[in-house]
Each structure stands twice: as C-alpha cells, then as structure tokens.
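Visitor:
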Amino acid sequence: MSVETWIEVIILTLAFLLLVSAGIVDASLQKRHRLTIREIVESGSSGGGSDRGVDQHGELRSAVDAATLVAVLVIGAAVAHLTVRVLSLAWLIAVLPAIMLVVVLIGRLIPEAVVDRYHLSDAPIIQRIGNVISVLMGPFLILYSGASAAVERTSQTHDETASNGWQAADSSPATDTDSGERREIPHDEHEMISGILSLEEAFAREIMVPRPDVVAVALDTSVRDVVSVAQSAGHSRIPVFEDSIDQVRGIVYAKDLLRYVNDDVGTASLSELMRPAMFVPESKRVDDLLKDLQRARVHLAIVVDEYGGTAGLVTIEDIIEEIVGEIQDEYDRELPQFEYGSNGVITVDGGMNVDELSDLLGVPLPETDSDTIGGLVARVLGHIPEPGEQVNTGPITITVDRVERRRVRTVHITLIDDNAEATVSNPIQVS
0 MSVETWIEVI
10 ILTLAFLLLV
20 SAGIVDASLQ
30 KRHRLTIREI
40 VESGSSGGGS
50 DRGVDQHGEL
60 RSAVDAATLV
70 AVLVIGAAVA
80 HLTVRVLSLA
90 WLIAVLPAIM
100 LVVVLIGRLI
110 PEAVVDRYHL
120 SDAPIIQRIG
130 NVISVLMGPF
140 LILYSGASAA
150 VERTSQTHDE
160 TASNGWQAAD
170 SSPATDTDSG
180 ERREIPHDEH
190 EMISGILSLE
200 EAFAREIMVP
210 RPDVVAVALD
220 TSVRDVVSVA
230 QSAGHSRIPV
240 FEDSIDQVRG
250 IVYAKDLLRY
260 VNDDVGTASL
270 SELMRPAMFV
280 PESKRVDDLL
290 KDLQRARVHL
300 AIVVDEYGGT
310 AGLVTIEDII
320 EEIVGEIQDE
330 YDRELPQFEY
340 GSNGVITVDG
350 GMNVDELSDL
360 LGVPLPETDS
370 DTIGGLVARV
380 LGHIPEPGEQ
390 VNTGPITITV
400 DRVERRRVRT
410 VHITLIDDNA
420 EATVSNPIQV
430 S
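Following numbering that gives the first Met the number 0, the numbering of the sequence shown begins with 0 at its first residue and continues without gaps.
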C-alpha cells in the first residue's frame with residue numbers, strides 16, 4: 000500500500016476508536032442519569048450540588064456528541080475516498096450502507112452491551128476516557144458555543160424589537176432556573192415520579208388481584224348467567240376457565256355481552272364470545288408488563304405461578320394505580336386499605352403491600368418473602384393466624400382482627416411509642 004493509503008487507514012482506525020470510546024461513555028452517562036433522577040426524587044428537591052452534577056453531565060454529553068459527530072464524518076469521508084480511489088465510484092453506493100451499519104453497531108449497540116455486561120457505568124476508566132474526549136473536543140465546543148451565543152444574541156435583539164413585553168415576561172423563569180436556588184418538587188409530582196421509577200422494581204405478583212379475589216366463570220356457564228355476573232361484579236373483562244381456575248381458556252368482554260342483556264341468547268356460548276387470554280409469570284417486572292400489554296393491545300393478563308397455576312390477574316388500572324395511587328370508581332366496593340381509628344389504632348387491610356405500609360408508617364417491617372401484611376403476620380407466627388394474635392416489631396404492634404377462610408382480612412396496628420425509631424435489628428415478639 001502507498002503512504003497515502005496507510006495514512007487513511009490510520010485515520011480510519013483512530014476515528015473508529017474515538018467512536019467506540021464516545022459510545023461507551025454515552026452508555027455510561029445514560030445509566031448514571033437515571034441514578035441522578037432517583038437521588039433527586041428521593042430527596043424531594045434539587046439543590047446546588049445536584050445542579051452542578053447535572054451541569055457536568057451536560058458538558059460531558061456535549062463533548063461525547065461532538066466526538067461521535069466528528070468520528071462519523073471522518074469515517075464517512077475516509078471510506079468514501081478509499082473506495083473511490085481503490086475500487087471505483089460505483090462501489091461507493093454499496094459500501095456506504097454497510098459502513099453505516101458498522102458505525103451503528105460499534106458506536107451504539109456494542110458499547111451499550113459492554114457497559115451492561117461489565118457494569119462499567121461507575122468505573123474510573125470511564126471518567127478518564129470522558130476527560131480525554133472533553134479535552135479533544137474542547138476546541139469544537141468553544142467554536143460551537145461562540146456560534147450559538149452569536150445566534151442567540153441576534154435572536155434576542157430581534158425579539159426585543161418585535162415585543163419588549165414578551166421578552167421581559169419570558170426572562171423571569173430563566174433567571175429563576177439559573178439562580179442556583181433550591182427548587183422544591185411539588186408533592187404530587189414527587190409521588191408520581193416515584194411511582195414511575197418504582198415500576199422497574201415491582202413485580203406482577205405485588206400488584207395483581209390475588210387468586211381468591213378473581214371473579215371468573217366456567218366455560219359451560221350460560222351467557223345469561225355471565226351477563227348477571229358482569230353486572231353484579233362491575234367488571235368489564237371476566238376470565239373464563241375450564242374445570243378449574245388454573246385452566247383459564249380466555250377472557251369474555253362485557254361489551255360483547257351487551258347484545259344479550261335483553262335479547263334471547265339463543266345458541267350462543269362462551270367459547271364463541273371469549274377472546275384469547277394473555278399469560279405472564281408472577282416474576283414479570285411491571286414496566287415490562289406494561290409494554291407487553293400495550294404491544295398486545297389488551298387491558299388484562301392472567302398471572303401464573305412457577306407451577307403453571309393461576310396466581311391472580313393484573314390490569315392496566317393496577318399498573319396506573321402504582322403511579323397515581325388508588326383509583327376508585329362507581330363500581331369499586333373495596334374498603335380503604337388504611338384507616339385511622341380512635342385511640343391511635345390503625346385498621347389495615349390484610350392484603351395491603353408490606354412496603355407500602357412501611358412507607359406510610361415510616362418504620363421498617365420484618366423482611367420476609369410475603370408481599371402482604373397478612374402474609375407477613377402468618378409467616379412470623381408460623382401458623383394460620385387467629386383473631387387477637389399479635390406480632391410486636393419495633394415501635395408497633397400488629398393485632399389480627401378478622402380472618403376469613405384462613406386468610407387475614409384486617410389487622411389493627413398500634414404505635415407503642417410515637418418517638419421511637421424502629422430499626423431492622425428490632426427483635427420480633429409474638430404473643
């Protein structure tokens with residue numbers, strides 16, 4: 000090869016190296032960005048320290064974007080020049096798409112896989128690579144910043160000439176944003192963001208309607224009877240099973256039954272009316288479950304356990320409630336899961352999630368593999384709870400109130416000492 004060809008090969012190699020490095024740093028930044036959002040949400044505000052971290056994050060991302068752009072331009076130019084000089088212009092049409100595919104693989108997909116596989120988002124080497132990229136791209140960013148500032152000044156001058164009042168009104172929020180003052184996140188927004196982030200950590204079994212509460216009908220049930228069940232239960236979708244609830248065959252929609260409310264059902268059967276059911280494991284993460292429901296365009300999924308049996312069902316409404324809280328409509332007859340009573344006694348539904356109750360009380364509860372407060376009590380006691388039995392942990396006493404069909408329906412919680420702070424090391428006492 001000629002000297003010119005060797006120079007082009009070296010330039011191409013360096014450009015690919017820059018592209019890979021920028022891709023790895025970019026994938027790491029995306030990982031760290033989610034962690035930053037979590038920290039802001041957990042603190043409930045964003046102060047000066049968080050602002051500085053976000054600023055540094057933005058500067059590094061600008062450098063990474065500039066490095067990616069430079070690398071892609073250099074790779075494109077070098078490949079085009081080599082192809083035309085070594086082969087012919089006709090080959091350029093075939094080579095460029097292949098090179099673009101390689102650029103996407105090397106610059107985006109492979110770096111993301113490497114960062115996920117080897118957990119490099121917080122590795123010191125990533126910071127060093129980022130620093131090198133920032134130094135290399137410094138001149139480009141300075142030129143870009145200067146050009147942007149000139150365009151912005153021109154735009155501001157034009158806007159002031161067009162409308163001074165509009166400019167004055169618009170500048171106030173920007174001043175507040177850049178002042179560095181502490182900005183409190185409104186409570187409702189804080190709760191919603193927390194709910195969205197919690198979807199990654201929640202599983203289907205934690206939000207599903209448990210098997211005993213599932214309203215379902217047998218496959219041989221008459222359509223007239225199914226209409227009555229739908230009207231009395233207030234559900235728009237009802238699972239249909241054959242022989243037992245573990246053998247769900249489909250879902251019947253209330254809207255498909257409307258024609259039979261007043262008319263003669265004739266020879267219609269559920270097998271003709273029901274639609275295919277969607278099945279998900281109880282270990283399915285809620286965020287992935289939501290995507291699957293959206294992709295399948297269904298609102299309900301049957302949750303199955305590790306043995307293939309029906310563990311419960313989950314709906315899009317259950318997922319939305321994880322974000323915005325409980326949604327009560329005119330058909331809901333459930334009692335409140337958490338209710339303050341006299342003498343500081345709190346009545347809690349036995350099906351309430353343990354983590355949710357712990358957050359409401361502000362105290363840690365015993366860690367077990369149970370998702371509900373009723374299951375926690377049964378696990379700690381070691382037998383089917385009876386009304387009146389108690390579990391003491393830290394500053395609270397949990398008293399079993401009502402048990403139906405071996406299931407804890409409600410418990411009473413009493414704060415032993417409002418000033419006491421519970422810790423995980425608090426001994427659990429059973430009485």
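Built from N, CA and C at the ideal position, the CB exists for glycine as well.
Values in this document were obtained by computation on a predicted structure and should not be read as measured data.
According to DSSP, residue 339 sits in a beta bridge with which residue or residues?
Guide: 345
Visitor: Is DSSP giving residue 211 helix, strand or coil here?
Guide: helix
Visitor: State the beta-bridge partners of residue 300 as determined by DSSP.
Guide: 313
Visitor: Just curious, the alpha helix (DSSP H) that residue 206 is in, first and last residue?
Guide: 203 to 206
Visitor: Going straight from the alpha carbon of residue 343 to that of residue 314, what length do you get?
Guide: The alpha-carbon atoms of residue 343 and residue 314 are separated by roughly 35 Å.
Visitor: Helix, strand or coil for residue 217, going by three-state DSSP, please let me know.
Guide: In the structure shown, residue 217 sits in a strand (DSSP, three-state: E or B).
Visitor: Give the secondary structure of residue 480 by DSSP, where H, G and I count as helix, E and B as strand, and everything else as coil.
Guide: The requested residue 480 does not occur in the structure, where the chain is confined to residues 0 to 430.
Visitor: Would you give the residue range spanned by the alpha helix (DSSP H) that residue 241 belongs to?
Guide: Taken as a continuous stretch (DSSP letters only), residue 241 belongs to no alpha helix (DSSP H), being part of the beta strand (DSSP E) at 236 to 241.
Visitor: Quick test of your reading: residue 17 and residue 70, contact by CB under 8 Å. State the CB separation rounded to the nearest angstrom.
Guide: 4 Å
Visitor: Tell me whether residue 177 is buried or exposed, calling it buried when 16 or more other Cβ atoms sit within 10 Å of its Cβ.
Guide: The predicted model places residue 177 with a pLDDT of 44, which falls under 50 and marks its position as unreliable; any figure quoted below should be read in that light. That one is exposed.
Visitor: By Cβ distance, which residues of its chain are closer than 7 Å to residue 444, with the 5 residues on each side in sequence left out?
Guide: Residue 444 falls outside the range modelled here, since the chain spans only 0 to 430, and no answer is possible.
Visitor: Over the uninterrupted beta strand (DSSP E) stretch that includes residue 400, give me the two end residues.
Guide: 395 to 403
Visitor: Rounded to the nearest angstrom, what separates residue 181 and residue 193 at their Cα positions?
Guide: Because the pLDDT at residue 181 is just 49, under 50, the model does not fix this residue reliably, and the value given afterwards should be weighed accordingly. Near 20 Å, if we compare the C-alpha coordinates of residue 193 and residue 181.
Visitor: Might you give, ordered along the chain, the residues of its own chain that have their beta carbon closer than 7 Å to the beta carbon of residue 431, omitting 5 neighbours on each side?
Guide: No statement about residue 431 is possible, as the shown extent of the chain runs from 0 to 430 and does not include it.
Visitor: Less than 7 Å between C-beta atoms, sequence neighbours within five positions excluded: which residues of the same chain meet that for residue 249?
Guide: 239, 273, 274, 275, 276
Visitor: Residue 415: which of 207, 403, 398 sits nearest, CA to CA?
Guide: 398
Visitor: How is residue 252 classed by DSSP in three states: helix, strand or coil?
Guide: strand
Visitor: List the residues that DSSP assigns as beta-bridge partners of residue 440.
Guide: The requested residue 440 is not part of the displayed model; the chain covers only 0 to 430.
Visitor: Hey, how far is the Cα of residue 386 from the Cα of residue 298?
Guide: 37 Å
Visitor: Using the three-state DSSP reduction, which class does residue 29 fall into: helix, strand or coil?
Guide: Here residue 29 sits in helix by DSSP.
Visitor: Using beta-carbon positions only, say whether residue 341 and residue 353 come within less than 8 Å of one another.
Guide: no
Visitor: If the criterion is Cβ atoms closer than 8 Å, does the pair residue 336 and residue 347 meet it?
Guide: For residue 336 and residue 347, yes; Cβs fall inside 8 Å.
Visitor: Along the chain, where does the beta strand (DSSP E) containing residue 362 start, and where does it finish?
Guide: Run containing residue 362: none; DSSP gives neither H nor E here.
Visitor: What distance in whole Å lies between the Cβ atoms of residue 383 and residue 351, which are believed to be in contact at a cut-off of 8 Å?
Guide: That pair is no contact at about 19 Å.
Visitor: Between the C-alpha atoms of residue 357 and residue 317, what's the straight-line distance to the nearest angstrom?
Guide: Linking residue 357 to residue 317 through their CA atoms gives a straight-line distance of about 20 Å.
Visitor: Residues in the same chain with beta-carbon distance under 8 Å from residue 259, minus the five sequence neighbours each way, listed in chain order, please.
Guide: Excluding positions up to five away in sequence, the list reads 222, 223, 226, 267.
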